[in-house]
Amino acid sequence: MTSNTPLHLAAALDGAGWHPAAWREPNSRPDELFTGAYWTDLAAVAQRGLLDFVTIEDSLAAPVNRYAPDAADSVDRVRARIDAHLVAARIAPLTRHLGLIPTITTTHTEPFHVSKGIATLDYTSRGRAGWQVKVSGHADEAAHFGRRTVPELTAQDWTAIAEGTLPQVLVDLFDEAGDFVEVVRRLWDSWEDGAEIRDVETRRFIDRDKLHYIDFEGRYFSVRGPSVTPRPPQGQPVVTALAHQALPYELAARGADLVFVTPADDVHAQSVLADVAAASERVGRTGEPLRVYADLVAFLDNDHESGAARLRRLDGLAGIEFASDATVFTGSAGDLADHLAAWQQLGFDGFRLRPGVAVDDLEAVSSTLVPILQRRGLLRTEYPDTSLRGVLGLPTDVPNRYVTGTPAA
Amino acid sequence: MNTLKKQVILGAYLGGVNHHTAWWDPRAGSQIEFDSFEHTARTAERGKFDFFFLAEGLALRERAGQIFDQDIIGRPDTFTVLASLAAVTDHLGLAGTINATFNEPYELARQFASLDQLSGGRAAWNVVTSFDAFTGQNFRRGGFLDHSQRYERAEETLEVVRQLWDSWRGDDIVADKENGHFLRRPDAGTFDFHGGQFDIRGRFTVPRSPQGRPVLLQAGVSPQGRDFAAGNADAIFSPYGKLPEAAEFYRDIKARAVSFGRSADDIKILPSASFVLGDTEAEAWEKYHEVRNQQVTGQTALILLEQIWNRDLSTFDPDGPVPDIEPDPDAPPIIQGRAFTYQDRFETVATLRAVSEAKKLTLRETVIDQFERGPIVGTAAQVAEKVDAFVQNDGSDGFIIGSHLVPSGLDEFVDHVVPLLQDRGVLRTEYTGTTLRDNLGLPVPHDRIPYPDPV
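As given, the protein sequences belong to chains A and B, one line each in that order.
Everything in the first sequence is counted per full-length UniProt numbering, starting at 1 for the first residue and increasing by one.
Everything in the second sequence is counted per full-length UniProt numbering, starting at 1 for the first residue and increasing by one.
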């Protein structure tokens, strides 16, 4: 990969921002976090900055930052969130180019619903839909559904995880997620393009030979299909996952187009890239290589305060020092551009920035960082007229696995 | 304006799957692309309708093990379309059918509360259940829900969903930047439910919705279904499009609501209706018959009858008499994936035979004659008159209007009938409320969680 290759840039949106005190900033709109206007305004800023896409965080429980725990009786955190998929759908008609990638949990949900939901988002956004796959290993989320129990991870489990060994319950949940993604993808293909024939002469609306039962029988669930929703405009919307370990890397390598990773420094970055490549090898991934995006939490300098000072001040408000799975970047937009350019050289396909404070840092990314990257020839100056897959450099003509004579995707 | 007149509630539906939609018409558009939904919703809002309504499908219909290919099949996901429509409309209610069997209460409550937030208080849920093993093949839950548990599960689902919606007070979010109080109380959203169907606890993530709770819609004609709706729903779909029986249903539902301690006005009764307009009454009827003739081909007529007979009728002549064989209720279903609404097959067959004989109709003509709930046909003035009269005579509180043409079918109604309803003083000329509840004239539910001790 050469420095002439434009880098891919995206943003991860999570409530008022990734810092637990982000909602208290002057520009933050904490009483509007659950309105359409808040999210469409953020999306407009991202689209003005020509970002490839935004992801929207979600979980089936109130947001909790594992790196910034708080007391059960505290009232100082944003302990609420609305459905990310519906947020993306709310944004879709009011944007034209921005990719929309909501997080949807695989553990307690139905693959059939998720498949038609993302397919429909692809219709309402006219080819800009994606999905961030998320596994839930939390006892509290399981208790919200009552269909099964998921034991809360113990300190011992966390130590084992840090050393690279996942407890069996997580192994199973990731295995289930792998099946889930497979089923969602099969359902997207279960209608061939052109299945709707509207043949007035014979009164046949569809050619039923172009619809396919997926007949998935797995360890955790079975799904017959076909989908009720025709194949989405992109054929296969973009599947993404955040991963930190070998097994999640394998899940991404099995089923995703993009993986978000969290390297700590240059050395770690190289080992992460090698680990992802090894995971792809292990699962026998063929076809398009898995694209690897590095995640960074960003606190950018502004006119009157440095990013580092902003972070310190926010930490003071939260009463805790901010920590994250991803590298926490503080500094000027120019410094961040340098950092991104350097990591791009290591072999990352792109970057997903997590704004420390959503309104302020996303605005800084679009109005300050992006122009710098453009001047350096690292970022395009306008959107290409194509789908999200096209924007990401993924093939836009995805073969359908059920079309006879086409090799399985 | 006669202020004593009841205001007509109007919903709009976009015909998705089935034989009602004239997909063969050269003016017919997509039933999948967002443009079609956007057009219909914007038209409904232009006509000051109360809400847009979207049905749901969870499996493709089959006949004798093969996917139907004669009618429209394929439709988008209900929640996704409604959330996208929230972006392109400002006042229109957004109602969706969502099955309570193949969704868990936590996710249902969360999705509808989210839709209500994202639309500024315009969400409505048409609660349906299914016990159908055929549809179950697409879901984790499978088809194990026994018919006898249908209402039990539905009742309990509603109970849990309400508890979740009520787990936040309207003022739980203080968002006080200065003092660092995002929440008024630390336990906002906590819930605990133990019942025969669900055993769940935890914390609901969506703050109290702008209209307190999303609006609940229901259908049901059996005594159990009527009670369920009268006790729980904000509106019920009426299957009756003709006056005496519609008025009887109206009286019955309102009386049941009162017996549950509610006000008669707390539940609205809404039949669905298609309409056909013409410059003269004769022209309208001619158009109507033309459409019906196109909709119900010989093959469609046979398939519709197969749902009643539960037998292969493909060897019968559509232009001949109604089949002389008896239904076979005990055989495996020949038609799969469609809600079965014929309570007594033998009685229905007897009725069809009697109609066919008395009116001297062929099989196909009998189907055309019998399989329609009550179209509103005539000049714009006549249609406005019929709608108004039906509502004033307590046949219903309004109508859910559909057209056989997607997506432009509703335009005619809004351009020609709506102004006449407004002239008659029975339809708003501007939206006055900000939420769907406001527009429907429904009471706003009170917070159920008491204040914590003063801080």
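A virtual CB, placed ideally from N, CA and C, is assigned to each residue, including glycine.
Apply the 10 Å Cβ neighbour rule to residue i and answer buried if 16 or more other Cβ atoms are within range, or exposed otherwise.
i: A408 of chain A; result: In this predicted model, A408 of chain A has a pLDDT of only 46, less than 50, meaning its place in the structure is not dependable; the value taken from the coordinates is given anyway. Flag for A408 of chain A reads exposed.
i: F325 of chain B; result: The sequence given here has Ile at residue 325 of chain B, not Phe. The residue is exposed, with fewer than 16 neighbouring Cβ atoms inside 10 Å.
i: S3 of chain A; result: The pLDDT assigned to S3 of chain A is 44, lower than 50, so where the model puts this residue is not dependable, and the model offers no usable value.
i: G99 of chain A; result: buried
i: F260 of chain B; result: exposed
i: R437 of chain B; result: buried
i: T404 of chain A; result: exposed
i: A154 of chain B; result: buried
i: P232 of chain A; result: buried
i: residue 466 of chain A; result: A query on residue 466 of chain A cannot be resolved here, the shown segment of chain A reaching from 1 to 409 and no further.
i: R282 of chain A; result: exposed
i: Q31 of chain B; result: buried
i: S387 of chain A; result: buried
i: T406 of chain A; result: A caution first: T406 of chain A carries a pLDDT of 49, below 50, which makes its placement in the model too unreliable to give a value.
i: R27 of chain B; result: exposed
i: K360 of chain B; result: exposed
i: K242 of chain B; result: exposed
i: A16 of chain A; result: buried
i: A71 of chain A; result: exposed
i: E201 of chain A; result: exposed
i: L54 of chain B; result: buried
i: M1 of chain B; result: Bear in mind that a pLDDT of 49 at M1 of chain B, under 50, signals an unreliable position, so the model cannot answer this.
i: P20 of chain A; result: buried
i: L217 of chain B; result: buried
Mind pulling the chain B residues with CB within less than 7 Å of residue i?
i: R81 of chain A; result: T205
i: Y123 of chain A; result: I32, E33, F34 and P76
i: F221 of chain A; result: R140
i: G235 of chain A; result: Near G235 of chain A there are no residues of chain B at all, since even the closest Cβ is about 15 Å away, more than 7 Å.
i: A143 of chain A; result: I200, R201 and G202
Name, please, each residue of chain A whose Cβ falls closer than 7 Å to the Cβ of residue i.
i: W23 of chain B; result: R198 and F205
i: N293 of chain B; result: Here the premise fails: no neighbours, minimum Cβ distance about 13 Å.
i: A86 of chain B; result: G36 and R90
So if DSSP puts residue i in a beta bridge, which residue, or which two residues, is it bridged to?
i: G218 of chain B; result: Reading off the sequence shown, one finds Gln at residue 218 of chain B, where the question assumed Gly. Bridge partners of Q218 of chain B: B:I236.
i: W125 of chain B; result: B:G96 and B:L216
i: residue 458 of chain B; result: Chain B is shown only over 1 to 455; residue 458 of chain B falls outside these bounds and no answer can be derived.
i: Y293 of chain A; result: A:F260 and A:G350
i: Q132 of chain A; result: A:T103 and A:T240
i: Q374 of chain A; result: Its beta-bridge partners do not exist; DSSP assigns none.
i: S272 of chain B; result: B:I400
i: E62 of chain B; result: B:I67 and B:Q336
Between residue i and residue j, which are expected to be in contact by the criterion C-beta below 8 Å, what is the C-beta distance as a whole number of angstroms?
i: P323 of chain B; j: A80 of chain A; result: Actually they do not touch by this definition, with Cβ atoms about 59 Å apart.
i: G15 of chain B; j: V291 of chain B; result: Rounded, the Cβ-Cβ distance is 12 Å, inconsistent with contact.
i: L187 of chain A; j: I214 of chain A; result: 6 Å
i: R256 of chain B; j: D227 of chain B; result: 6 Å
i: Q70 of chain B; j: R204 of chain A; result: 7 Å
i: L58 of chain B; j: N18 of chain B; result: With a Cβ gap of about 15 Å, L58 of chain B and N18 of chain B do not count as contacting.
i: D77 of chain B; j: P214 of chain B; result: Contact flag wrong, Cβ pair sits at about 17 Å.
i: V355 of chain B; j: T366 of chain B; result: 6 Å
At 8 Å on the CB atoms, spell out the chain B contacts of residue i, in chain order.
i: A72 of chain A; result: P186
i: T229 of chain A; result: I32, G74, R75, P76 and D77
Residue i versus chain A: which residues are under 9 Å apart at the beta carbon?
i: H181 of chain B; result: V75 and D76
i: V81 of chain B; result: A89, T120, Y123 and T124
i: F102 of chain B; result: E110, F112 and H113
Would you verify that the beta carbon of residue i is, or is not, closer than 8 Å to some beta carbon of chain E?
i: G287 of chain A; result: Checking the listed chains, one finds no chain E in this structure; the protein chains it contains are A and B.
So residue i contacts chain A; which residues on that side make the cut at Cβ distance below 8 Å?
i: Q149 of chain B; result: In chain order: nothing, as chain A lies at least about 16 Å away.
i: P67 of chain B; result: For the sequence presented, residue 67 of chain B should be read as Ile rather than Pro. Correct list: I206, R208, L211 and P226.
If the cut is a Cβ gap below 9 Å, which residues of chain B does residue i touch?
i: W23 of chain A; result: A175, K177 and F182
Contact the stretch 215-229 of chain A vs the stretch 248-260 of chain A: 3+ CB pairs below 8 Å
no
Would you call the stretch 319-337 of chain A and the stretch 361-376 of chain A in contact, with 3 or more CB pairs under 8 Å?
yes
Taking 8 Å as the threshold, find out whether the stretch 337-355 of chain A comes into contact with the stretch 270-288 of chain A through three or more Cβ pairs.
yes
Using 8 Å as the threshold, is the stretch 45-65 of chain A in touch with the stretch 165-175 of chain B, meaning 3 or more CB pairs across them?
no
Whether or not the stretch 116-123 of chain A and the stretch 85-97 of chain A are in contact is what I'm after, with contact meaning three or more pairs of Cβ atoms, one per stretch, closer than 8 Å; do they touch?
yes
Is the stretch 277-292 of chain A touching the stretch 316-323 of chain A, taking contact as three or more C-beta pairs under 8 Å?
no
Across the stretch 217-230 of chain A and the stretch 303-311 of chain A, are there enough close Cβ pairs to call them in contact, namely three or more that are closer than 8 Å?
no
Below 8 Å, can you find three or more Cβ-Cβ pairs linking the stretch 51-69 of chain A to the stretch 83-102 of chain B?
no
Segment contact flag, the stretch 432-447 of chain B with the stretch 121-136 of chain B, C-beta cutoff 8 Å, min 3 pairs:
yes
Flag this pair as touching only if the stretch 242-253 of chain A and the stretch 149-164 of chain B have three or more C-beta atom pairs under 8 Å; answer yes or no.
no
Touch check for the stretch 177-185 of chain B and the stretch 127-137 of chain B: three-plus C-beta pairs under 8 Å?
no
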